[in-house]
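Undergrad: In full-length UniProt numbering, the protein residues as written are 1 to 417.
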Amino acid sequence: MRLYDIFFLAFRALWTHKIRTALLIFSVTVGITAMIALTSQTEGVGRSIVSMLQRLGPDTLIVNVVGRRLTDLDISIMASLDGVKKAIPVVREMGIIALGDTQVNVVMYGIASQELSEILGEIKLVDGSPYQDATVPLAVVGSQIAFPNTTSQPTVLPGQTIMVYTRSSPSQSVPIVMIVTGILDRYGAMGLISPDTAIFTSIQAAQQAFNKRWYDLVIIKVSDVSYIDMVEENLRNIYGGAVNTISPTQMAQTMQGVIAQITLLLGGIAAVSLIAAALGILNMMLVIITERTREIGTMKALGFKNKYILAQIVVEGLLIGIFGGIAGIAVGIVASYTLPHLIVRGTAMPTVTSTRLPQTRMVNPMTPTFNISYEPYINPAIVLISLALAVLVSVASSLYPAWRAAKMDPVKALRYE
Numbered sequence: 001m002r003l004y005d006i007f008f009l010a011f012r013a014l015w016t017h018k019i020r021t022a023l024l025i026f027s028v029t030v031g032i033t034a035m036i037a038l039t040s041q042t043e044g045v046g047r048s049i050v051s052m053l054q055r056l057g058p059d060t061l062i063v064n065v066v067g068r069r070l071t072d073l074d075i076s077i078m079a080s081l082d083g084v085k086k087a088i089p090v091v092r093e094m095g096i097i098a099l100g101d102t103q104v105n106v107v108m109y110g111i112a113s114q115e116l117s118e119i120l121g122e123i124k125l126v127d128g129s130p131y132q133d134a135t136v137p138l139a140v141v142g143s144q145i146a147f148p149n150t151t152s153q154p155t156v157l158p159g160q161t162i163m164v165y166t167r168s169s170p171s172q173s174v175p176i177v178m179i180v181t182g183i184l185d186r187y188g189a190m191g192l193i194s195p196d197t198a199i200f201t202s203i204q205a206a207q208q209a210f211n212k213r214w215y216d217l218v219i220i221k222v223s224d225v226s227y228i229d230m231v232e233e234n235l236r237n238i239y240g241g242a243v244n245t246i247s248p249t250q251m252a253q254t255m256q257g258v259i260a261q262i263t264l265l266l267g268g269i270a271a272v273s274l275i276a277a278a279l280g281i282l283n284m285m286l287v288i289i290t291e292r293t294r295e296i297g298t299m300k301a302l303g304f305k306n307k308y309i310l311a312q313i314v315v316e317g318l319l320i321g322i323f324g325g326i327a328g329i330a331v332g333i334v335a336s337y338t339l340p341h342l343i344v345r346g347t348a349m350p351t352v353t354s355t356r357l358p359q360t361r362m363v364n365p366m367t368p369t370f371n372i373s374y375e376p377y378i379n380p381a382i383v384l385i386s387l388a389l390a391v392l393v394s395v396a397s398s399l400y401p402a403w404r405a406a407k408m409d410p411v412k413a414l415r416y417e
């Protein structure tokens, strides 16, 4: 008997019971979809962590001191510590930006223009140019501020002015007028700063606009990664327990630990789905074998060998696995890019359509916020493994029913009612 004949008979048997076959394929599809969609999220977050480390660098420390307004003296002290290459002061303020009749929440940063690359890495602009260090409120804005509705046409252009309200007292605040010099490309975010929802301006302009004579954060660059612990210890000796230090490396290690646990959980969910699919296939194949007892008896009476009957049933399972695996991969890819829109993401900007500025909970500007933004990443290896698992599970679930069918007594099978 030719291999083609075995596949033809197996396909015809499945086609004869379309609804039953569709349900079996669906059970495999669910498990593979879960595996593709869920692992793509953790892969995406992991790649964002790497991107964040590349942008900020492992030789970076983000420092603030609770209950203390950092001054130029503090910056000088930090810059003079052993192992410190430079100390970059940052002013930070929460705000609401008015774009026509719409207001959106933003974070504004004051940082020297030549130091902006220490936060963003490469400064990528889709339009305009970086701001200059001056008291004039010049600024570059994040991509989601310029394109809040992900449209191709920006709502703000270089040279235009924007109205920014500070969130310390939004109902009484006087708007800050800022002149846009450039629009940042989309960065995504994974860490303390989300460039896509931020406004960057000079230190002088930020202090004047926010009526501040102090700094909220300090970005410390060390001469070598090995100095990180020493610098942190020196900062604690100076400022005591009030000092908070966060490094991208620490943040990455913490997140990777969380991601590892989430990956195990998601892998468990996918495994349970595949086990359920395997049990469903096993149960359904046993039912099918029972229903086809006389057919199998007839095949044996016509001279079909046991190995051909066994092969046909196994090939039926193989086809279910292939079709279910392919369908699961296709649906999983679609779900991978749908899931991020259904969960809370760090780059999401609450939008308020009221013409009155909303009363919002004040976020301490001295406390760095942890944002996460990522693009799902579908690993080709995971796709191949998923397809292999779909086939393996389906074939394995068909082995026992196939063995039972092959071992049937043809005489008893022909008498079966």
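Glycine residues also receive a C-beta, built at the ideal position from the N, C-alpha and C atoms.
In terms of DSSP beta bridges, what is glutamate 93 paired with?
TA: For the purposes of this step, residue 93 is identified with residue 93 of the sequence shown, where counting begins at 1. For glutamate 93, which the question treats as bridged, DSSP gives the partners Met108.
Undergrad: Whose C-beta lies closer than 7 Å to the C-beta of alanine 390 among residues of the same chain, with five residues either side of it excluded?
TA: By one-based count along the sequence shown, residue 390 stands at place 390. Excluding positions up to five away in sequence, the list reads Val28, Ile32, Gly321, Gly324, Gly325 and Gly328.
Undergrad: With DSSP collapsed to three states, give me the class of glutamine 103.
TA: Taking the sequence shown and counting its residues from 1, the one referred to as residue 103 is at position 103. Here glutamine 103 sits in strand by DSSP.
Undergrad: Could you check the C-alpha separation between proline 195 and isoleucine 219 for me, to the nearest Å?
TA: Numbered from its first residue, the sequence shown carries residue 195 at position 195. Numbered from its first residue, the sequence shown carries residue 219 at position 219. C-alpha separation (whole angstroms): 16 Å.
Undergrad: Measure the C-alpha to C-alpha separation of residue 418 and aspartate 216 and round it to an integer number of angstroms.
TA: Because residue 418 is not part of the residues shown, which for the chain are 1 to 417, the question remains open.
Undergrad: Do the region 253-260 and the region 33-53 touch if we need at least three Cβ pairs shorter than 8 Å?
TA: Touching, yes.
Undergrad: Which residue comes first and which comes last in the beta strand (DSSP E) that contains phenylalanine 200?
TA: Here residue 200 refers to the residue found at position 200 when the sequence shown is read from its first residue. Its beta strand (DSSP E) spans residues 198-201.
Undergrad: Tell me which same chain residues have a C-beta within less than 7 Å of the C-beta of isoleucine 333, skipping the five on either side of it?
TA: Position 333 of the sequence shown, counted from the first residue, corresponds to residue 333. Ile36 and Ile378, listed in sequence order.
Undergrad: Roughly how many angstroms lie between the CA atoms of isoleucine 19 and methionine 284, to the nearest whole one?
TA: Here residue 19 refers to the residue found at position 19 of the sequence shown. Here residue 284 refers to the residue found at position 284 of the sequence shown. The alpha-carbon atoms of isoleucine 19 and methionine 284 are separated by roughly 12 Å.
Undergrad: Tell me whether glycine 240 is buried or exposed, calling it buried when 16 or more other Cβ atoms sit within 10 Å of its Cβ.
TA: As a working note, residue 240 is residue 240 in the sequence shown. The residue in question, glycine 240, is exposed, as its Cβ has fewer than 16 Cβ neighbours within 10 Å.
Undergrad: Once the 5 residues before and after threonine 351 are set aside, which same chain residues still bring their CB inside 8 Å of it?
TA: Start at 1 with the first residue of the sequence shown, and residue 351 comes out as number 351. Caution applies to threonine 351, whose pLDDT of 37 falls short of 50 and renders its modelled position unreliable; the value that the coordinates give is listed next. Only Thr102, Gln103, Val104 and Pro148 meet the Cβ criterion.
Undergrad: Go through its chain and collect everything with a Cβ distance to aspartate 133's Cβ below 8 Å, but skip five positions before and after it.
TA: What you label residue 133 is simply residue 133 of the sequence shown in a count that begins at 1. Around aspartate 133: Ala112, Ser113, Gln114, Ser202, Ile203 and Gln204.
Undergrad: Taking all protein chains shown into account, do 16 or more other C-beta atoms lie within 10 angstroms of the C-beta of proline 380, making it buried, or fewer, making it exposed?
TA: Here residue 380 refers to the residue found at position 380 of the sequence shown. Exposed is the call here.
Undergrad: If you drop the 5 nearest sequence neighbours on each side, which residues of the same chain put their C-beta closer than 8 Å to that of aspartate 5?
TA: The count along the sequence shown starts at 1 and reaches residue 5 at position 5. There are no such residues.
Undergrad: For methionine 163 versus isoleucine 97, is the C-beta spacing smaller than 9 Å?
TA: Position 163 of the sequence shown, counted from the start, is the residue given in the question as residue 163. Position 97 of the sequence shown, counted from the start, is the residue given in the question as residue 97. Against a cut-off of 9 Å, the Cβ pair of isoleucine 97 and methionine 163 comes out as a contact.
Undergrad: Would you mind sorting aspartate 229 into buried or exposed? The rule is 16 or more other CB atoms within 10 Å of its CB.
TA: Locating residue 229 in the sequence shown gives position 229, counting from the first residue. Per the 10 Å Cβ criterion, exposed.
Undergrad: Select from Asn244, Ile176, Val65 and Tyr400 the residue whose C-alpha is nearest the C-alpha of leucine 282.
TA: What you label residue 282 is simply residue 282 of the sequence shown in a count that begins at 1. The option with the nearest alpha carbon to leucine 282 is Tyr400.
Undergrad: Which one or two residues does DSSP pair with isoleucine 219 in a beta bridge?
TA: Residue 219 sits at position 219 when you count from the first residue of the sequence shown. Note: isoleucine 219 sits in a beta bridge opposite Ile62 and Ile88.
Undergrad: What number of angstroms, rounded off, separates the C-alpha of lysine 212 from the C-alpha of proline 89?
TA: As a position in the sequence shown, residue 212 is number 212, starting the count at 1. As a position in the sequence shown, residue 89 is number 89, starting the count at 1. About 13 Å.
Undergrad: On the DSSP bridge list, what partners appear for alanine 139?
TA: Walking along the sequence shown from the start, residue 139 turns up at place 139. Looking at the DSSP assignment, alanine 139 forms a beta bridge with Val180 and Thr201.
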